[in-house]
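Report on the following structure.
Number of protein chains: 2
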Amino acid sequence: MSAYDELMQFQRETEALGEIAGRLGWDQETMMPDGAAPQRAEEHAAMSRVLHARRIDSRVGEWLEKAEAADDVAAANLRLIRREFEKTARVPADLAAEIARTTSLAHRVWATARADEDVAAFLPVLAQVVALMREKAAALAGDSDPYDALLDDYEPGMTGAALGAMFAALRPRLVALREAVLAKPAPAPLSQAFDEAGQMVLTHKLAAAFGYDLNHGRIDQAVHPFSSGSGLDVRITTRCNPLDPFNCFYSTIHEVGHAGYEQGINRDYLLTPLGRGVSMGVHESQSRIYENQLGRSRAFTGWLYGQMRDQFGDFGIADEEAFYATVNSVSNGFIRTEADEVQYNLHVLLRFDLERALMAGDLAVGDLEPAWNDRFKADFGYAVDKPSNGLLQDVHWSEGLFGYFATYTLGNVYAGCLHETLRAALPDLDRDLALGDATSATAWLRENVQRHGGRFTPRETITRATGEAPTEAPLLAYLEAKFGGIYGL
Amino acid sequence: MSAYDELMQFQRETEALGEIAGRLGWDQETMMPDGAAPQRAEEHAAMSRVLHARRIDSRVGEWLEKAEAADDVAAANLRLIRREFEKTARVPADLAAEIARTTSLAHRVWATARADEDVAAFLPVLAQVVALMREKAAALAGDSDPYDALLDDYEPGMTGAALGAMFAALRPRLVALREAVLAKPAPAPLSQAFDEAGQMVLTHKLAAAFGYDLNHGRIDQAVHPFSSGSGLDVRITTRCNPLDPFNCFYSTIHEVGHAGYEQGINRDYLLTPLGRGVSMGVHESQSRIYENQLGRSRAFTGWLYGQMRDQFGDFGIADEEAFYATVNSVSNGFIRTEADEVQYNLHVLLRFDLERALMAGDLAVGDLEPAWNDRFKADFGYAVDKPSNGLLQDVHWSEGLFGYFATYTLGNVYAGCLHETLRAALPDLDRDLALGDATSATAWLRENVQRHGGRFTPRETITRATGEAPTEAPLLAYLEAKFGGIYGL
Chain L
54 MSAYDELMQF QRETEALGEI AGRLGWDQET MMPDGAAPQR AEEHAAMSRV
104 LHARRIDSRV GEWLEKAEAA DDVAAANLRL IRREFEKTAR VPADLAAEIA
154 RTTSLAHRVW ATARADEDVA AFLPVLAQVV ALMREKAAAL AGDSDPYDAL
204 LDDYEPGMTG AALGAMFAAL RPRLVALREA VLAKPAPAPL SQAFDEAGQM
254 VLTHKLAAAF GYDLNHGRID QAVHPFSSGS GLDVRITTRC NPLDPFNCFY
304 STIHEVGHAG YEQGINRDYL LTPLGRGVSM GVHESQSRIY ENQLGRSRAF
354 TGWLYGQMRD QFGDFGIADE EAFYATVNSV SNGFIRTEAD EVQYNLHVLL
404 RFDLERALMA GDLAVGDLEP AWNDRFKADF GYAVDKPSNG LLQDVHWSEG
454 LFGYFATYTL GNVYAGCLHE TLRAALPDLD RDLALGDATS ATAWLRENVQ
504 RHGGRFTPRE TITRATGEAP TEAPLLAYLE AKFGGIYGL
Chain P
54 MSAYDELMQF QRETEALGEI AGRLGWDQET MMPDGAAPQR AEEHAAMSRV
104 LHARRIDSRV GEWLEKAEAA DDVAAANLRL IRREFEKTAR VPADLAAEIA
154 RTTSLAHRVW ATARADEDVA AFLPVLAQVV ALMREKAAAL AGDSDPYDAL
204 LDDYEPGMTG AALGAMFAAL RPRLVALREA VLAKPAPAPL SQAFDEAGQM
254 VLTHKLAAAF GYDLNHGRID QAVHPFSSGS GLDVRITTRC NPLDPFNCFY
304 STIHEVGHAG YEQGINRDYL LTPLGRGVSM GVHESQSRIY ENQLGRSRAF
354 TGWLYGQMRD QFGDFGIADE EAFYATVNSV SNGFIRTEAD EVQYNLHVLL
404 RFDLERALMA GDLAVGDLEP AWNDRFKADF GYAVDKPSNG LLQDVHWSEG
454 LFGYFATYTL GNVYAGCLHE TLRAALPDLD RDLALGDATS ATAWLRENVQ
504 RHGGRFTPRE TITRATGEAP TEAPLLAYLE AKFGGIYGL
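Just so you know, the protein sequences line up as chains L and P, in that order. Take 54 as the starting number for the first sequence in our numbering and just add one per residue. Take 54 as the starting number for the second sequence in our numbering and just add one per residue.
Structure representation (C-alpha cells):
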C-alpha cells in the first residue's frame, strides 16, 4: 500500500471511532438510564483517550511526509489531516490536559453559579480558563492574534478582523430595525396548549417537507435539540413544550438543516475528513436558511398554518397573514437562544466583541460583567436584571469555547447570501413552499453547498455557491424587507 | 503506580470500551436506521480492532509478570486477565483472521441455505469452519480434548466428559417424561389476539415483579429478545406477537434474569473482569430460574392470570389452574428456541453430542444431516420434515460457536440446583409469587450468586450458593413433579 492509502485506512478507522463517540453522546441525551451516568463518564473518557492517541500517533506524521496526492480530493484529504495533526502537535500535552481539567471544573462551577445568580463564584475559574486559552492560542499561532488562533478551530481561514468588519456593519442597522419594530403593536400571541403527540406528528411532516432522510436518520426528543452524526446515520432531536409549539417546529427545522447538510455530502467522502460539514459557520448557514429564510417565510408559514389547524383545530389566529406575523413576532428578552431573527445577532455581536477583547488582553475578567451589562443596555435599551439573564446565561466560555459564538452570526450572514442566490435560481420556490414542499431548495443547497463537505475551505464553499465573496448585505436587506413588511415600517 | 494498578487502569479502560462496543450492538438492533448498516459495519470493525490491539498489548504481559495481588479480589482479577491474555496469545493472528473471515462468510451462506432448504450449499463452508475450530482448539490446548478447549470460552473449567455424564442421565428420563406427557390431552390453547400496547404494559409489570432496575436499564422491542451491557447500564429487549403473548412475557422474564444478574454484581467490581457474569452457564441459570421455576410456577401464573384478565378481559381460559396448564403446555415441534421445559434440553443434548463428535473427528460434516435426523427421530418420535426445522435451524455453528449449546442445558441444571436451595431458604416464596412479587427470590439470588460476578469460578459460584456440587438430579425431580402434576401422570 502507498503511504497515502495507509494513512487513509488509519484515518477511516479514526473517523469510524469518532462516529461511535458521537453516537455515545446521542445515546446519553436520548436513551441512557439516569443511573448510568458515572459509568458513561468513564466510557467517554476511554473513547477520548483512544481518539487522542490516534490524533498524535507518530505514524500519521510519517505517512504525511511520504504521501502523494493523486487528485484534488486526495489533496484536500491530506490538507485536512495535516492541518489537524499539526495543530494537535503544537499544543503541549500538559497544557491540553490542564485545559481539559479546568474546563471540566469550570463547567460545574458555572452551573452552580448560574443557579445561585453568583457571578463572583464563577469569575476566578473563568479567569483560569481565559489564561489557559490564551496560552493555547500562543502555542498555536505564536504572536499572531490569539482570537484568530482559536476561531480557526471552528471556522478555518476566517479572522476576527474580517468578522469585526462585517459585524460592525450589521450592528447599527439591527439596532435601528429592532427599535422600529418594537415601536409597533405586537402580533397576536399563541394562547392555548398544543398536545405533545400532535407536535410530534407535525415534527415528522416538517422533517419530510425539507427532505430529511429517515432511512439514514431518526427523530427523538431530548432536553436540548441537536443533530448528531455524519454519513449514513445522522440523527436529530427536538423538544415539546405544550405552550410553545413553535419551539418544537423550528428546532426541528433547524436541526434538519444541520442533519440535511451531513446527509447531503457526497457519499464517496464517507468516513474521510471530507465527509463532514466544513465549518461551524457553513453548518449554521444550512440550519438557519432552513429555519428562517425558508421555514419562517410567508409561503411556508401559510402551509404550516393549515397543518396546525388540521392537527389542533382553531387556535385563535385569524388567518395566514396573522399567523405569519405571530411566527415572526419580535419581543424583548434577555436570552440569546430564545431571540428572534432581528435580535439574535445582537446577542452574538455582544459576545464576539467581549471575548475578542478578553483574548487580546484588552478586557480583564473582573471587568466582564459591567462590560456585558453596559453593552446590553446600549443595544437593547433596558438593563440586565440578573446574571442568569446576562453573563451567566451561556455555557460556552466555561467550556473554553472562545471563537465559537461568532460562527452563529456568520452562519446567518452566509444564509443571507445563499438565500439571495437560491431565490434567483428558483423563481417558483414560494409556490412549492406554500404546498409544504421545500425539497427543491434542499436539492439546490445539496448541489451547490452540501455535497462538497470538506472539499473546499468554508469561504470557497460559499463563494462557489453564490458566485461572490460573502458579505452582510443580503442578510440585512432580507431582514429589513421582511420585518418592514410585517410591521409596516 | 504499582504494576497491578497500571494493569487495572488499562483493563478498566478496555472494559469501558467493551461496554461501548456492546451498546453499539444494542443500538443496531433497536434504534439504528436501516440505511446506516454499511457504515455501522465499519464502526464495528474499527472498535473490534481497537479491542483486539488491547488484548494482545505486550504491556499487559509485562504488567502480569510484575503484578502482585494484595487480596483475594486482586488475585481473581489477575487470574481472569492472565487467562484471557494467554488464551489470546496462543491463537496465531493468521488463524484468528481466517476464522473471522470464514465465519463471516459461513454466516451469510447459512442464511441463504436455510431460506433455500439447501443443506448441500452449507456443508462445504461448515466443513471449513469445523476444520478451523479444530485448529484453534489444538492451538489452545495441544492434544487435549478439542471440545473442552472450545467449551472453556463459555464455561471455564467445565469439560465435555462432565457434561456428557450429566446429560446422559438427563436424556432417558426426559424422553420418558415427554412421551408420558404427550400421551395425555393437551391443555386449552390461547385463541385470540392480544394487543401490543397491552403486552408492553404487562412487560413492565413483569420486569418490576422480578426487581429489574430501570434506573440502570431500559426496555425496548427488537426482533430477537436480548440483554445487553454490564454495570450501571444493562438494557433488555422483548418482542410482541399478538397471537403469542407468552412469547413476549417469558422473553421479558428471561432477559430480566440475565440483566438482573449483571445489575446484581457487587458495584465495587464495576468495569473490572469481576464485573460481568462469570459464564454462559451461570448466566443461563439466572434467566432460566426467573423464566421457568419462578415465572412459570403455579403461584406466579396465578397472579399473571389476573393481570392478563385485567388488561385484556376474559380471554377464554376458565381459571388459574387451567391457565397454569396452558402456560406450561407441552406439544410437538422441531425448533429448539420454541420448545417447552420438558423438551428443550433434548434439543440441546442432540447438538452437544453431534458437535462433540465433530470436534473429536468421530463424525464427518458430510454425515451430519443423517446423524441429526436419526437422533431427532429417536428422541422425539417423528422425522425432521425440512432442513430449516433440522440441521439448518440454528445460527451457532456457522459462527464457529462450538461448545456454546451445552451451556443452555447446564444453565437449566444449575437453575434446578439453585431452585431447590432457594425454596428451602424461602418457605413462603409462593405467597409472594402469588402476589406478583418475586423480589425475595431476586434478593436471595443476588446475595448468593449474582453479587459475586467473576469472583469465583462458575462451579464454585454454584457450589457456594447450594452447598454442594451441581448435579442434574434437582432439575429432573422438579420437571417430573411439575409436569406429573399438571398432566396427572
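The beta carbon of each residue, even a glycine, is placed where N, CA and C say it ideally should be.
Secondary structure at P/GLN92: helix, using DSSP grouped into helix, strand and coil. According to DSSP, P/THR291 shares a beta bridge with P/GLN274.
Taking P/SER280 as the centre and dropping the five residues before and after it, the same chain places the C-beta of ILE289, GLU308, HIS311 and ALA312 closer than 6 Å to its C-beta, in chain order. Taking a Cβ-Cβ threshold of 7 Å, the residues of chain P close to L/HIS269 are PRO86, GLY88 and ALA89, in chain order. Neighbourhood of L/GLN92 in chain P, by CB distance below 8 Å: ALA69, GLU72, GLY284, LEU285, ASP286, LEU323 and LEU324, in chain order. In the three-state reduction of the DSSP assignment, P/SER157 falls in the helix class. In this structure, the beta-carbon distance from L/GLY213 to L/ASP196 does not fall below 9 Å. One thing to note: L/PRO209 has its Cβ within 9 Å of the Cβ of L/PRO511. Of all residues in the stretch 101-116 of chain L, only ARG102 and VAL103 place a beta-carbon less than 8 Å from a beta-carbon of chain P.
For the alpha helix (DSSP H) assignment, the uninterrupted runs of no fewer than 4 residues enclosed by the stretch 367-397 of chain P are, from N- to C-terminal side, 373-380.
For P/SER281, the pairing in a beta bridge is given by DSSP as P/ARG288. Straight through space, the alpha carbons of L/PRO298 and L/SER244 are spaced by roughly 11 Å. Secondary structure at L/THR492: helix, using DSSP grouped into helix, strand and coil. The beta carbons of P/GLU422 and P/LEU444 sit closer together than 9 Å. Neighbours of P/ALA99 in chain L, taken as residues at a C-beta separation under 7 Å, are given in chain order as GLU66, ALA69 and LEU70.
Taking a Cβ-Cβ threshold of 8 Å, the residues of chain L close to P/ARG76 are LEU77 and ASP80, in chain order. For L/ASP297, there is no enclosing alpha helix (DSSP H), since its DSSP letter is neither H nor E. Only those residues of the stretch 130-156 of chain P whose C-beta falls short of 9 Å from the nearest C-beta of chain L would be listed, and there are none. The alpha helix (DSSP H) runs of length 4 or more contained entirely in the stretch 406-483 of chain P are, from start to end of the chain, 421-433 and 459-478. In the displayed model, P/GLN360 falls within a helix according to three-state DSSP. At a cut-off of 9 Å between C-beta atoms, P/GLU249 does not count as an interface residue with respect to chain L.
For L/ASP415, not one C-beta of chain P is nearer than 9 Å to its own C-beta.
For L/GLY520, there is no enclosing alpha helix (DSSP H), as DSSP marks it with neither H nor E. Put simply, of L/MET54, L/THR67, L/ILE152 and L/ALA534 the residue whose alpha carbon is nearest the alpha carbon of L/PRO326 is L/THR67. Here P/ASP147 is exposed. Its C-beta has fewer than 16 other C-beta atoms within 10 Å.
Under the 8 Å Cβ criterion, the stretch 254-267 of chain L does not count as touching the stretch 389-405 of chain L, having fewer than three qualifying pairs.
Against P/GLU95, the close residues of chain L are ARG65, GLU66, GLU68, ALA69, GLU72, LEU323 and LEU324, in the order they occur along the chain (beta-carbon pairs closer than 9 Å).
Nearest CB-CB separation between L/ASP266 and chain P: below the 9 Å threshold. Judged by DSSP in its simplified three-state form, L/PRO86 adopts coil rather than helix or strand.
The Cβ atoms of L/TRP450 and L/VAL182 lie closer than 9 Å to each other. With respect to the C-alpha of L/TYR377, the residue from L/ASN345, L/GLN339, L/PHE405 and L/ASP363 having the closest C-alpha is L/ASN345.
Inclusion of L/PHE138 and L/ARG108 in the CB contact set at 9 Å is warranted, their separation being smaller than that value. The beta carbon of L/LYS237 sits closer than 8 Å to those of TYR540, GLY541 and LEU542, all from its chain and outside the five residues before and after it, given in chain order.
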